[in-house]
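Enquirer:
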Amino acid sequence: METPYAPRGDRNKRNRARSRRRLTAVAAGITAAAVAVVLTGCGPQIESGSPTPAGKDVLQAPTAASPKGTITIWDRSGDLFNVFDATIKKFNEKYPNIKVNHQAVDIDAKLQNTLTTGTDVPDGVFLDDSLVAGYSQSLWNLSDVLKPFLGKIAKQKVAVNSIKGGIYGVPFDLDPGLLFYNATVLQKDGIDPATIKTYDDLLAAARKVKQADPTSGPIHLENSAFLAQLWLEMFASQQGTSMTDASGKLRLDSPAYKQILTWLDTVQKEKLGMRADYLGPTDINTLDSGKQVFVPWAMWFDFAPQQLLKKTSGDWRAMPLPAWSDGGARSGAMGGSSFVIPKDAKNPGLAWLFYKFLMYDKQGYSAVYGPNSVYPKGLNTSIPSYQPAANPAKPLFGTVDALGGQNLWKTAVGAGNQIPGGTPTPKWWASAVNYLGNNLEKMFDGTMTPDQVIQQSTQQIQTNLIDRQ
Amino acid sequence: MTVTTTTPVSRTAPHASQRGPRWSLVRRKAAPYVFILPFLAIFAAFTIYPLVFTFRLSFTSWHGEGAARWIGWDNYTYLLSNPDFWASLATSGILWLLIVPVQVGVGLIAAVLLNSAKLKARGFYRTAFIVPFVTPLVAIAQVWIVVFDQNYGAVNSFLHLFGLPDIGWLTTTTWSKPTLALLFLWKTTGFAIIILLSGLQSIDTSLYEAASLDGASRIRQLWSITVPLIRRTIMFLVVLQTLAVFQMFAEPYVVTKGGPYGSTTTAGLYLYNHISVADLGTGAANSFLLVVILMTLSLFFVRLLRARD
Numbered sequence: 000m001e002t003p004y005a006p007r008g009d010r011n012k013r014n015r016a017r018s019r020r021r022l023t024a025v026a027a028g029i030t031a032a033a034v035a036v037v038l039t040g041c042g043p044q045i046e047s048g049s050p051t052p053a054g055k056d057v058l059q060a061p062t063a064a065s066p067k068g069t070i071t072i073w074d075r076s077g078d079l080f081n082v083f084d085a086t087i088k089k090f091n092e093k094y095p096n097i098k099v100n101h102q103a104v105d106i107d108a109k110l111q112n113t114l115t116t117g118t119d120v121p122d123g124v125f126l127d128d129s130l131v132a133g134y135s136q137s138l139w140n141l142s143d144v145l146k147p148f149l150g151k152i153a154k155q156k157v158a159v160n161s162i163k164g165g166i167y168g169v170p171f172d173l174d175p176g177l178l179f180y181n182a183t184v185l186q187k188d189g190i191d192p193a194t195i196k197t198y199d200d201l202l203a204a205a206r207k208v209k210q211a212d213p214t215s216g217p218i219h220l221e222n223s224a225f226l227a228q229l230w231l232e233m234f235a236s237q238q239g240t241s242m243t244d245a246s247g248k249l250r251l252d253s254p255a256y257k258q259i260l261t262w263l264d265t266v267q268k269e270k271l272g273m274r275a276d277y278l279g280p281t282d283i284n285t286l287d288s289g290k291q292v293f294v295p296w297a298m299w300f301d302f303a304p305q306q307l308l309k310k311t312s313g314d315w316r317a318m319p320l321p322a323w324s325d326g327g328a329r330s331g332a333m334g335g336s337s338f339v340i341p342k343d344a345k346n347p348g349l350a351w352l353f354y355k356f357l358m359y360d361k362q363g364y365s366a367v368y369g370p371n372s373v374y375p376k377g378l379n380t381s382i383p384s385y386q387p388a389a390n391p392a393k394p395l396f397g398t399v400d401a402l403g404g405q406n407l408w409k410t411a412v413g414a415g416n417q418i419p420g421g422t423p424t425p426k427w428w429a430s431a432v433n434y435l436g437n438n439l440e441k442m443f444d445g446t447m448t449p450d451q452v453i454q455q456s457t458q459q460i461q462t463n464l465i466d467r468q
Numbered sequence: 000m001t002v003t004t005t006t007p008v009s010r011t012a013p014h015a016s017q018r019g020p021r022w023s024l025v026r027r028k029a030a031p032y033v034f035i036l037p038f039l040a041i042f043a044a045f046t047i048y049p050l051v052f053t054f055r056l057s058f059t060s061w062h063g064e065g066a067a068r069w070i071g072w073d074n075y076t077y078l079l080s081n082p083d084f085w086a087s088l089a090t091s092g093i094l095w096l097l098i099v100p101v102q103v104g105v106g107l108i109a110a111v112l113l114n115s116a117k118l119k120a121r122g123f124y125r126t127a128f129i130v131p132f133v134t135p136l137v138a139i140a141q142v143w144i145v146v147f148d149q150n151y152g153a154v155n156s157f158l159h160l161f162g163l164p165d166i167g168w169l170t171t172t173t174w175s176k177p178t179l180a181l182l183f184l185w186k187t188t189g190f191a192i193i194i195l196l197s198g199l200q201s202i203d204t205s206l207y208e209a210a211s212l213d214g215a216s217r218i219r220q221l222w223s224i225t226v227p228l229i230r231r232t233i234m235f236l237v238v239l240q241t242l243a244v245f246q247m248f249a250e251p252y253v254v255t256k257g258g259p260y261g262s263t264t265t266a267g268l269y270l271y272n273h274i275s276v277a278d279l280g281t282g283a284a285n286s287f288l289l290v291v292i293l294m295t296l297s298l299f300f301v302r303l304l305r306a307r308d
């Protein structure tokens, strides 16, 4: 603080120091503002119009006689990684100059950032069908390279990969919904599975099981919001519908959804269901103790009797799903995956050749689904979506002991052929779990009615997801 | 032998001394700035740039690809009028109430006990308290899931011994927050104890001796000597844990995925939900709103401390 009796010279010095400090502060402020302005110029270009339309870049297949280069392929770690890894040798017999750098990656955690930053982008990625639409702006449109095969690929798989006229994934597996049942319990309770042709028949059979064992909850009711939504979409797919139409308009408020939700609500209200997380401890315990005997689920449920169930492993069988009305489709799709090729990939054409070999070349799809070092009797948790590979008369995998030696290939291929098409997947599908998936669970709690689920989910999805695109 | 070398002076470039005292002064003044340039460059690249980038992003609709669309305040108005945003803040607020007062209370008592000269095996206890803090959260979370499973968890099995019914610790909206708070408490109270212990060790022991001579009880000493003297440490801990609770992400993400029915979707997890689906503009706006809220809360605690001073 300046003292009133300070000598004039000192005061002048202080004033000069203060002026210098002010000058420095102003200079620092101007520099910071300049830096901010310069930095603001970095990052994405900003436009005032509508968002960039879905990718227009259409991939063309390589024309070289002997294409060469290196491709980086991302797959999820686990059994499927090992299956795909084992096919690379056969791929190289056909394309000796393409080196495949195969990596096991946590795709859900890594892909978004990689595509946003454009750093170390892989040439091909294994991706859940429900996520393809969300990434489509960063992917190659594969409609041209897929054109020769489109007529022979399951319609449902083409639909889930289609966004605004483009196709953004190479369809991999078809995952038909099947009705898995404990044949031993049904026999004990005097129920002939062949009589279960509609969902009303399934209710009637469940009531009989419940009557025989009041502690049972015969029908699986899914407890996790994500899988519950995926499950609901299987029932919807069976009726040829899904959350949105091809133009992205919500269609939850429809007779099909009303019918499905009312049926599920009946299972809950009459206590005919066993509410459990899919293959969680409660689920496995009740499946293995004969308390839960009907599991309408994707084909991949067959993993449970093969690997997880001990006491009832050989008691299970699979049949097509019941129909929603007499003569209706006996299956819908639940889940599934495809291969996508990022736009920033270094060798997208070579990645296409790899996927083309795996899916549409007899040698390739036989290596994936046929007996291999990972699955000695073949990969039986799904069937190929490419129809020439899914020939009912020529099974690629053998009979399944855990299903009493059943020819699951024949059952699944037959069911797969009944899946209606026209079920696109919106970009925001996974985010809708916070609304539709949660509301479905609230209905299972008994705190929401089917009508409330439809109305509330429609309003929430419209406001929080569709309007935010 | 001594070898002498001379450097020839350039005819065109004058030697520093030839440029006069003014140049020398400029060079001397500039030197510190030149020395801090590397720091400034790193600070600009990793702090200023992300901050400016994010702030700019918060006024756009951008999904990580192509051009961003300028939408003004839309992201902010959307969030401020969205019940989910306020619900996430409320969840964090409830967790704060369940965690911070308990942690300060329990931590203080534990720290006082650990600070006691009479306590044997002090090193062991100090290590035991800090072990949860240094254990990877994901491993702890997995254990938590198993222990609190409604049907097969150890906690419910224990309750069965007394004829008590199952409790949906992680599957009901009533219990999910307390269970998550318990996990956070278990994980971080060791850290709180270390902070409080450092505060306790700065208190002059003669104060306690004098109080004992005056006949003050242990509890009286705690309230009249310990708490006032480590008030600043406690406030520091409260600010630190407030930031941690409102940014809490990994715990609900691993244990409950934000459920059941969004009951454990904390402010941090709600923010992540935008980022994870590449709704980057909304995510950026959300993070700025969180910054404002957290700064306000921190300033409130600092003011509280100053008022007491």
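Listed in order, the protein sequences are those of chains A and B.
If you're matching positions, the first sequence starts at 0 in numbering that gives the first Met the number 0 and goes up one per residue.
If you're matching positions, the second sequence starts at 0 in numbering that gives the first Met the number 0 and goes up one per residue.
The C-beta atom is built at its ideal place from N, Cα and C for all residues, glycine as well.
Return the Cβ separation of Leu352/A and Ile97/A in integer angstroms, given the expectation that the two are a contact with Cβ distance under 8 Å.
Expert: Going by Cβ atoms, the distance from Leu352/A to Ile97/A rounds to 7 Å, so yes, they are a contact pair.
Enquirer: Please check the pair Ala328/A and Pro419/A, which I expect to be a contact at CB under 8 Å, by giving their CB distance rounded to whole angstroms.
Expert: Confirmed, Cβ separation roughly 6 Å.
Enquirer: Helix or strand or just coil, what does DSSP make of Ile340/A?
Expert: Coil at Ile340/A, not helix or strand.
Enquirer: Kindly indicate which residue of Phe443/A, Asp122/A, Lys109/A and Val131/A has the alpha-carbon position closest to the one of Pro423/A.
Expert: Minimum Cα distance to Pro423/A is reached at Val131/A.
Enquirer: Can you tell me whether Ser201/B is helix, strand or coil according to DSSP?
Expert: Coil at Ser201/B, not helix or strand.
Enquirer: Of all the CB atoms in chain B, is at least one closer than 7 Å to the CB of Ser324/A?
Expert: Taking Cβ atoms only, chain B never reaches closer than 7 Å to Ser324/A, which makes this a no.
Enquirer: Could you say if the region 172-185 of chain A and the region 298-306 of chain A meet the contact criterion of at least three C-beta pairs nearer than 8 Å?
Expert: Yes, the region 172-185 of chain A is in contact with the region 298-306 of chain A.
Enquirer: How would you write the range of the alpha helix (DSSP H) that Ser189/A sits in, first residue to last?
Expert: One detail in the question is off: residue 189/A reads as Gly in this sequence, not Ser. Where Gly189/A is concerned, there is no enclosing alpha helix (DSSP H), given that its DSSP letter is neither H nor E.
Enquirer: Measure the CB-CB distance between Ala283/B and Leu56/B and report whether it falls below 7 Å.
Expert: Yes, these two residues count as a Cβ contact at 7 Å.
Enquirer: Within this structure, are the beta carbons of Tyr354/A and Ala388/A separated by less than 7 Å?
Expert: Contact flag unset, no.
Enquirer: Hey, Pro135/B and Lys186/B: beta-carbon distance below 7 Å or not?
Expert: Against a cut-off of 7 Å, the Cβ pair of Lys186/B and Pro135/B comes out as no contact.
Enquirer: Please classify Ala64/A: is it buried, with 16 or more other beta-carbons within 10 angstroms of its beta-carbon, or exposed?
Expert: Under this definition Ala64/A is an exposed residue.
Enquirer: Restricting to runs no shorter than 3 residues, where is the beta strand (DSSP E) found entirely within the region 198-251 of chain A?
Expert: The qualifying runs are 218-221.
Enquirer: Please list, in chain order, the chain B residues whose beta carbon lies closer than 7 Å to that of Ser430/A.
Expert: Chain B residues near Ser430/A: Val276.
Enquirer: Taking the alpha carbon of Asn112/A as the reference point, which residue from Val301/B, Leu293/B, Tyr271/B and Leu303/B has its own alpha carbon closest?
Expert: The option with the nearest alpha carbon to Asn112/A is Tyr271/B.
Enquirer: Please list, in chain order, the chain A residues whose beta carbon lies closer than 8 Å to that of Asn150/B.
Expert: Those are Pro280, Thr281 and Asn284, listed as they occur along chain A.
Enquirer: Please report the Cβ distance between Leu251/A and Ser384/A, rounded to the nearest whole angstrom; I am assuming they are in contact, meaning their Cβ atoms lie under 8 Å.
Expert: Their Cβ separation, rounded to whole angstroms, is 26 Å, which puts Leu251/A and Ser384/A out of contact at 8 Å.
Enquirer: Taking the alpha carbon of Phe248/B as the point to measure from, which residue in Ala266/B, Ala191/B and Leu196/B has its own alpha carbon closest?
Expert: Comparing Cα-Cα distances from Phe248/B to each of Ala266/B, Ala191/B and Leu196/B, the minimum goes to Ala266/B.
Enquirer: Check whether the Cβ atoms of Val184/A and Val339/A lie closer than 7 Å to each other.
Expert: In this structure, Val339/A does not lie closer than 7 Å to Val184/A by Cβ.
Enquirer: In terms of residues, what are the limits of the beta strand (DSSP E) holding Pro251/B?
Expert: Unbroken run through Pro251/B is the alpha helix (DSSP H), Ala249 to Val254; no beta strand (DSSP E).
Enquirer: For a test of the three-state rule: what should DSSP assign to Trp85/B, helix, strand or coil?
Expert: Helix at Trp85/B.
Enquirer: Within the same chain, show all residues whose beta-carbon is closer than 7 Å to that of Val432/A, passing over the 5 residues directly before and after it, in chain order.
Expert: Within the same chain, Val432/A has close Cβ partners Ala224, Phe225 and Gln228.
Enquirer: Going by alpha carbons, who is nearest to Val412/A out of Gly331/A, Leu435/A and Lys441/A?
Expert: For Val412/A, the nearest C-alpha among the options comes from Gly331/A.
Enquirer: Would you list the residues sitting across from Pro319/A in a DSSP beta bridge?
Expert: BP columns for Pro319/A point to Leu177/A.
Enquirer: Using a Cβ-Cβ cutoff of 8 Å, what residues of the region 57-84 of chain A are near chain B? List them in chain order.
Expert: Hits within the stretch: zero.
Enquirer: Assign Pro52/A to one of two classes, buried (16 or more other C-beta atoms within 10 Å of its C-beta) or exposed (fewer than that).
Expert: With a pLDDT of 49 at Pro52/A, under the threshold of 50, the predicted position of this residue should be treated as unreliable, and no value is reported.
Enquirer: With a CB to CB cut of under 7 Å and the five nearest residues on each side skipped, what residues in its chain are close to Thr171/B?
Expert: Counting only Cβ-Cβ distances below 7 Å, and skipping sequence neighbours, we find Pro259.
Enquirer: Ignoring anything shorter than 3 residues, give me the beta strand (DSSP E) runs that lie fully in the region 51-83 of chain B, in order along the chain.
Expert: DSSP runs (the beta strand (DSSP E)) wholly in the region 51-83 of chain B: 67-69.
Enquirer: Might you give, ordered along the chain, the residues of its own chain that have their beta carbon closer than 6 Å to the beta carbon of Ala205/A, omitting 5 neighbours on each side?
Expert: For Ala205/A, where only same-chain residues beyond five positions count, the Cβ hits under 6 Å are Pro217, Ile218 and Leu271.
Enquirer: Only counting the same chain, and skipping five residues up and downstream in sequence, which positions put a Cβ closer than 8 Å to that of Trp61/B?
Expert: If we look at Trp61/B and ignore the five residues flanking it on each side, its Cβ neighbours are Ala67, Arg68, Leu279 and Gly280.
Enquirer: Alpha carbon to alpha carbon, what distance is there between Val373/A and Asn81/A?
Expert: Straight-line Cα distance between these residues: approximately 7 Å.
Enquirer: Quick one: is Ile294/B buried, meaning 16 or more other Cβ sit within 10 Å of its Cβ, or exposed?
Expert: Before going on, a small fix: residue 294/B reads as Met here, not Ile. That one is exposed.
Enquirer: How many whole angstroms separate the CB atoms of Ala140/B and Glu250/B, which I take to be in contact at a CB cut-off of 8 Å?
Expert: The pair is a contact, with the Cβ atoms about 7 Å apart (cut-off 8 Å).
Enquirer: Taking buried to mean at least 16 other C-beta atoms within 10 Å of its own C-beta, is Phe161/B buried or exposed?
Expert: Under this definition Phe161/B is an exposed residue.
Enquirer: What's the C-alpha gap between Val99/B and Gly152/B?
Expert: Distance between the alpha carbons of Val99/B and Gly152/B: 27 Å.
Enquirer: Indicate whether the contact test is met: 3 or more Cβ pairs, each with one atom in the region 143-162 of chain A and one in the region 298-306 of chain B, closer than 8 Å.
Expert: Touching, no.
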